[in-house]
Amino acid sequence: MAVTSGAGRAAGPGAGWRVGLLTGGGDCPGLNAVLRAAVLAGTQRHGMSFLGFRDGWRGVLDGDAVPLGEADVRPLLARGGTVLGSSRTNPLADGVEEGVRRVRASLQRLGVDALLAIGGEDTLGVATALHEAGVPVVGAPKTIDDDLSATDATFGFDTAVQTAVEACDRLVTTGASHHRVMLVEVMGRHAGWIALHTGTAAGAHVTLLPEEPVDLDAVATVLREVLDRGEAPLVVLSEGAQVLGEQAVRTAQRDAFGHVQLGGAGEQLERELQRRLPGVSMRLTVLGHLLRGGTPSAADRVLATRFGLSAVEALASGRLGTMAALRGVDVVQVPLAEATGVLRTVPPERRAETADLRW
Ligand code: F6P
């Protein structure tokens with residue numbers, strides 16, 4: 222620890238503010254580390270105090286909040302999930318004007334000067350609209366999918382990939398014992414980053430992403446080659462892979478942000494490959510929410526901490542409407558609107574790096 226003299230308190234426009242924290246959307250490892258860094262830095266450096274809204278925007282609308290002090294957050298660095306809870310509540314579902322009115326009224330009632338919203342595309346989309354309507358807000362990006370375009374990385378992704386690779390490493394040994402094709406489905410709704418990194422790190426023979434059409438005959442040919450070499454093939458696919466030409470959907474019902482619940486891509490793939498490779502033993506493992514749970518990796522703890530620190534600095538210096546983002550090795554603050562414009566998907570050139578290789 223670097224020890225400095227004095228309280229280190231700087232006077233900026235946000236000094237002494239009461240800040241509302243919220244975590245929205247699908248949870249991911251590292252959310253608690255952001256809360257910890259924000260509360261400790263905001264309290265010690267800027268004399269801020271903090272309220273934690275429960276369950277994302279739901280807590281803001283309902284005025285459901287708890288004070289968060291230094292003692293509350295100190296134990297949180299390595300804890301998975303979010304102690305504040307999360308939801309996919311969209312405060313703007315009844316229109317922007319009505320949503321802004323309700324959010325403002327709640328903040329006023331609780332004496333909250335500004336918000337720090339920690340979330341992905343949806344949560345930060347709401348934060349952007351609130352900022353445009355004059356609500357004081359900054360953001361910190363999270364999503365295991367790592368698909369936000371304004372930042373080179375989001376925390377949660379590293380842990381998710383690590384968990385998936387550990388699972389694959391186990392699955393390939395049992396697959397080899399039984400001369401089986403092992404199929405592994407990972408999360409990744411529109412962007413295949415988790416599948417790409419898992420497939421690369423686990424040595425998958427085939428990796429299927431949402432960004433590309435799936436050629437089932439070509440996949441079967443590769444698997445046949447691997448089997449003929451006496452090896453057990455590993456296939457990694459995103460839940461969003463379009464095995465039958467479109468994404469597999471569990472229920473057509475949409476959440477408050479318009480998302481359907483994906484599910485079944487792995488089963489579709491197994492069925493189709495089984496038809497093309499009769500008699501070959503296959504097993505499917507759907508990793509699903511395993512990838513979102515548990516303690517964050519060291520890299521995610523560091524990134525989450527840096528995002529928390531950066532967001533508090535943005536508040537303290539009055540840089541509202543910004544979001545912490547990683548650019549190269551630096552954490553910078555970018556306009557919130559940049560975060561939600563376009564999803565960062567896997568580009569063709571990244572796939573081209575290995576497309577011609579037989580692993
Ligand atoms: O957006 C992150 C994510 O983990 C996606 O990869 C996945 O499709 C989705 O959330 C699952 O959400 P839920 O927790 O609502 O099932």
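In the working numbering, the protein residues as written are 222 to 580. Yeah, the Cβ is synthetic: ideal placement off N, Cα and C, and Gly gets one too.
| Query | Result |
| --- | --- |
| Proximity winner among Leu-297, Ala-573, Gly-302 and Ala-292, relative to Gly-277 (alpha-carbon distances) | Gly-302 |
| Residues near Phe-378 by beta carbon distance below 6 Å, same chain, minus five either side | Ile-365 and Asp-367 |
| Residue span of the beta strand (DSSP E) that contains Phe-274, given as start and end | 270 to 274 |
| Beta-carbon contacts of Asp-334 that lie in its chain and below 6 Å, excluding the five residues immediately before and after | Trp-238 and Arg-239 |
| Any non-hydrogen atom of the ligand F6P within 7 Å of Ile-339 CB | no |
| Through-space distance from Leu-430 to Leu-494, alpha-carbon basis | 17 Å |
| Closest residue to Val-255 among Val-567, Ala-477, Arg-527 and Ala-537 (Cα-Cα distance) | Arg-527 |
| Any non-hydrogen atom of the ligand F6P closer than 7 Å to Leu-458 Cβ | no |
| Residue interval of the beta strand (DSSP E) (run including Glu-342) | That residue, Glu-342, is in no beta strand (DSSP E); its alpha helix (DSSP H) goes 342 to 353. |
| Endpoints, the beta strand (DSSP E) within which Gln-474 is located | 470 to 475 |
| Stretch-stretch touch, CB-based, cutoff 8 Å, three pairs: the stretch 516 to 523 with the stretch 533 to 541 | no |
| Distance, Gly-263 Cα to Arg-295 Cα | 13 Å |
| DSSP-derived helix/strand/coil call for Ala-254 | helix |
| Backbone secondary structure at Gly-484 - three-state DSSP | coil |
| Residue range of the beta strand (DSSP E) that includes Ser-502 | Looking at the DSSP string, Ser-502 is not in any beta strand (DSSP E), and its letter there is neither H nor E. |
| The stretch 398 to 415 contacting the stretch 502 to 516, beta-carbon criterion three pairs below 8 Å | yes |
| Beta-bridge pairing of Asp-635 - partner residues as DSSP gives them | Outside the shown range of the chain, which is 222 to 580, sits residue 635, and nothing can be said about it. |
| Ala-228 versus Thr-421: straight-line alpha-carbon distance, rounded | Residue placement at Ala-228 is poorly supported in this model, since its pLDDT is 47, which falls under 50; the coordinates still yield a value, given next. Approximately 47 Å between the Cα atoms of the pair. |
| Contacting residues, own chain, Cβ-Cβ under 6 Å from Gly-360 (five flanking each side not counted) | Ala-338, Leu-345, Ala-348, Met-544 and Leu-557 |
| Enclosing alpha helix (DSSP H) for Gln-383 [first to last residue] | 378 to 398 |
| 8 Å Cβ cutoff met for Gly-340 and Thr-244 | yes |
| Length of the line joining the Cα atoms of Val-382 and Val-481 | 23 Å |
| Integer-rounded CB distance, given that Leu-351 should sit under 8 Å from Val-321 | 6 Å |
| Any non-hydrogen atom of the ligand F6P closer than 7 Å to Thr-344 Cβ | no |
| Beta-carbon contacts of Leu-530 that lie in its chain and below 7 Å, excluding the five residues immediately before and after | Ala-258 and Ala-262 |
| Beta-bridge partners of Pro-556, as assigned by DSSP | Thr-543 |
| Alpha-carbon spacing of Ala-292 relative to Arg-309, whole angstroms | 28 Å |
| Enclosing beta strand (DSSP E) for Leu-289 [first to last residue] | 286 to 289 |
| Helix, strand or coil at Gly-509 according to DSSP, with G and I counted as helix | helix |
| Beta-carbon proximity of Phe-376 to Gly-251, cut-off 8 Å | yes |
| Distance cut-off 7 Å: Leu-483 Cβ against heavy atoms of the ligand HEM | Within the structure as shown, the ligand HEM is missing, the only ligands being the ligand F6P. |
| Test item: CB-CB of Leu-512 and Ala-385 under 8 Å | yes |
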